Amino acid sequence: MEMDDNAGTGGHVPVMLERVLELLGPALSGPRPVVVDANLGLGGHSEALLAAYPASHLIGIDRDPFAIDFSTRRLSPYAERITLVHASSGDLAEVLARTGHTTVDGVLFDLGVSSPQLDEAERGFAYSYDAPLDMRMDTQQELTAERVVNTYSAAELTRILRDYGEERFAPRVAGLIIKERAKEAITSTKRLAEIVRDAIPAATRRTGGNPAKRTFQALRIEVNAELSALEAALPAALDALTLGGRVVVLSYHSLEDRLTKQALTARTRDTSPPGLPVPLPAHQPRFRLLTRGAELPSEEELARNPRAASARLRAAERIRVDD
636 MEMDDNAGTG
646 GHVPVMLERV
656 LELLGPALSG
666 PRPVVVDANL
676 GLGGHSEALL
686 AAYPASHLIG
696 IDRDPFAIDF
706 STRRLSPYAE
716 RITLVHASSG
726 DLAEVLARTG
736 HTTVDGVLFD
746 LGVSSPQLDE
756 AERGFAYSYD
766 APLDMRMDTQ
776 QELTAERVVN
786 TYSAAELTRI
796 LRDYGEERFA
806 PRVAGLIIKE
816 RAKEAITSTK
826 RLAEIVRDAI
836 PAATRRTGGN
846 PAKRTFQALR
856 IEVNAELSAL
866 EAALPAALDA
876 LTLGGRVVVL
886 SYHSLEDRLT
896 KQALTARTRD
906 TSPPGLPVPL
916 PAHQPRFRLL
926 TRGAELPSEE
936 ELARNPRAAS
946 ARLRAAERIR
956 VDD
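The numbering of the sequence shown is this note's numbering, which starts it at 636 and goes up by one.
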């Protein structure tokens with residue numbers, strides 16, 4: 636979820652909102668449709684869905700207690716039509732079972748980090764502020780970025796930086812972190828950003844923005860288990876969709892988008908053995924793609940909401956159900 640700080644309720648501009656409504660709309664036209672916002676955030680998408688589809692019931696999930704509290708107030712006019720749950724999106728299947736919904740009509744994933752998390756210095760997500768190294772979306776969990784930076788081995792740090800941050804100088808960054816933390820614990824975002832900058836070759840630092848960006852992304856993904864949550868949640872969402880049900884995924888970096896593409900492609904492919912004269916019904920796809928590749932925000936939206944720049948949207952619809 637991304638948002639502009641100066642627009643809308645609570646400064647919230649939901650990314651690609653019109654397209655999200657357009658894609659989910661056909662699935663929410665029934666008498667009592669159920670739609671899941673798996674990354675509730677400040678509730679901008681949810682508010683628009685509830686307003687556009689007055690017969691719908693919305694299940695909102697978020698691991699950040701602030702998001703649940705804020706959205707409870709924001710969505711209070713729709714109180715009888717919402718169920719908000721403090722949980723990770725990775726627990727989507729469990730949430731649906733607990734709320735008594737074996738099937739749903741629509742699911743929205745608005746992945747990534749929210750503006751309050753980025754803009755509130757004490758949350759420790761941003762390298763542009765000097766703050767404690769925290770990065771927890773769920774402030775009740777134990778694992779923090781400070782613990783990762785100060786206790787993980789060089790091999791573990793290298794893997795995280797390489798796999799989650801796509802940092803080509805991962806061994807150098809990890810090595811300098813190990814060296815510096817031996818002198819004194821690394822506890823602030825400013826200190827970590829300085830260490831990363833010193834580890835990156837000067838020629839590389841001249842391009843590509845802040846050199847700490849990839850390291851901070853990697854730590855955030857590790858602390859919040861973001862990719863494993865998506866790996867669990869997206870298949871659960873697809874399994875729960877009724878015939879004609881739709882899923883929309885907004886991702887903000889290549890790792891999320893790649894996982895989304897793989898999950899959707901797997902469900903939209905005919906798996907019949909090659910060479911058969913006719914496809915086998917059991918192997919025909921259960922879903923069809925609604926987007927050609929990943930859709931990008933418009934130039935107009937980018938002018939209004941610069942934080943949407945990295946957004947990638949993919950969507951699919953269930954076209955068959957298992958017998």
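C-beta: ideal position from N, C-alpha, C; glycine also. Predicted model, so just to flag it, every value in this text is computed and none were measured.
Would you kindly work out how many angstroms separate the C-alpha atoms of serine 886 and glycine 747, rounded to a whole number?
7 Å
Let me confirm a value: glycine 844 is counted as buried when at least 16 other C-beta atoms fall within 10 Å, else exposed. Which label applies?
exposed
Starting from the C-beta of lysine 896, find all residues in its chain whose C-beta is less than 7 Å away, skip the five residues before and the five after it, and write them out in chain order.
Arg949
Out of Pro649, Val742 and Arg698, which one is the CA nearest neighbour of valine 884?
Val742
Expected contact under 8 Å - CB spacing of arginine 953 and leucine 878 to nearest Å
6 Å
If I measure Cβ to Cβ from valine 784 and keep anything under 8 Å in the same chain, skipping five residues before and after, which residues do I get?
Leu768, Leu792, Ile812, Arg816, Ile821, Leu827 and Leu854
Should the region 924 to 939 be regarded as contacting the region 860 to 874, the criterion being three or more beta carbon pairs within less than 8 Å?
no
For arginine 841, which three-state DSSP category applies?
coil
Work out the CA separation of glycine 665 and threonine 779 for me, nearest whole Å.
43 Å
Assuming histidine 692 and valine 669 form a contact by the criterion Cβ under 8 Å, report the distance between their Cβ atoms to the nearest whole angstrom.
5 Å
When DSSP labels each residue in this structure, what does alanine 951 get in the three-state scheme?
strand
Express the C-alpha separation of serine 907 and aspartate 773 in angstroms, rounding to a whole number.
43 Å
Closer than 8 Å, CB to CB, is alanine 871 near chain D or not?
In the structure shown, chain D cannot be found, because there is only a single protein chain.
Have a look at tyrosine 713 and leucine 931 and give me their C-alpha separation to the nearest angstrom.
31 Å
Contacts around glutamate 891, its chain only, beta-carbon distance under 7 Å, and the 5 residues preceding and following it disregarded:
Leu746 and Leu865
Going along the chain, which residues of its own chain have a beta-carbon closer than 6 Å to the beta-carbon of arginine 797, five neighbours each way excluded?
Ala805
Below 7 Å CB to CB, which residues in the same chain sit around alanine 690 once its five sequence neighbours on both sides are set aside?
Pro666, Arg667 and Pro668
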